[in-house]
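Numbered per our numbering, the sequence shown spans residues 14 to 125. So the structure is just underneath, and the comments pick up after that.
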Amino acid sequence: MTSDDMTAVGVRSAEEVFAALEEVGGRREPWTGYEHGLLEAFRWAVGAQVGAPVTGAAAVDAVGPCRAELLAECQAAASGIRAWTEQGRDGGRFLGAYSALAWLCGHHDDRP
């Protein structure tokens, strides 16, 4: 899929999302859990990954999830952060997914 194949991902332009994906994917490995969460969320959002980053759900639309699916996955990521943190485990992957999904949904304007 290219950025010309869609006009919006959540409240962001496809160009913004592809730029974010390129920036995160271009970082040097090894990636942190947070960066893995970002990558998985951005890839799923543009249809480059079938399973959602937290629930593993496939998007209903062939080109990526709709805003309602993005919001539901964002809520699942927030729940994952809480659950893992309460267990004393590292929730970095959930935090990365949440940060990306919250940005895509317009909860904040600072691109992760």
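Just so it is clear, CB atoms sit at the ideal spot from N, CA and C, and this is done for glycine as well.
Where residue i and residue j are concerned, what is the direct C-alpha to C-alpha distance, given to the nearest angstrom?
i, j, result
"Ala90", "Phe55", "14 Å"
"Ala65", "Ala71", "6 Å"
"Gly101", "Glu53", "23 Å"
"Ile94", "Gly46", "12 Å"
"Glu29", "Val73", "22 Å"
"Ala27", "Glu99", "35 Å"
"Phe31", "Val59", "8 Å"
"Glu35", "Trp57", "14 Å"
"His121", "Gly69", "24 Å"
"Tyr119", "Ser92", "The sequence as given places Gly at residue 119; Tyr does not occur at that position. The straight-line gap from Cα to Cα measures roughly 19 Å."
Thinking just about the alpha-carbon of each residue, which of the options is nearest to the one in residue i?
i, options, result
"Gly50", "Val73, Arg80, Cys87", "Cys87"
"Val24", "Ala32, Cys79, Ala61, Glu53", "Cys79"
"Ala85", "Ala110, Trp97, Thr98", "Ala110"
"Arg124", "Val73, Ala33, Pro43", "Ala33"
"Ala75", "Gln62, Ala27, Glu36", "Gln62"
"Leu108", "Gly119, Val67, Asp122", "Val67"
My guess is that residue i and residue j are in contact by the Cβ rule of under 8 Å, so how many angstroms apart are they, rounded?
i, j, result
"Val22", "Leu117", "6 Å"
"Arg156", "Glu48", "Past the edges of the chain, shown from 14 to 125, lies residue 156, and the structure says nothing about it."
Is it right to say residue i is buried, meaning 16 or more other beta carbons lie within 10 angstroms of its own, or is it exposed?
i, result
"Ser112", "buried"
"Arg106", "buried"
"Glu82", "buried"
"Asp18", "Because Asp18 carries a pLDDT of 47, less than 50, the predicted location of this residue cannot be relied on, and the following value inherits that uncertainty. Under this definition Asp18 is an exposed residue."
"Val37", "buried"
"Ala96", "exposed"
"Gly104", "buried"
"Gly77", "buried"
Check the DSSP bridge columns for residue i and list the partner residues they point to.
i, result
"Gly64", "Ala71"
"Val22", "Arg25"
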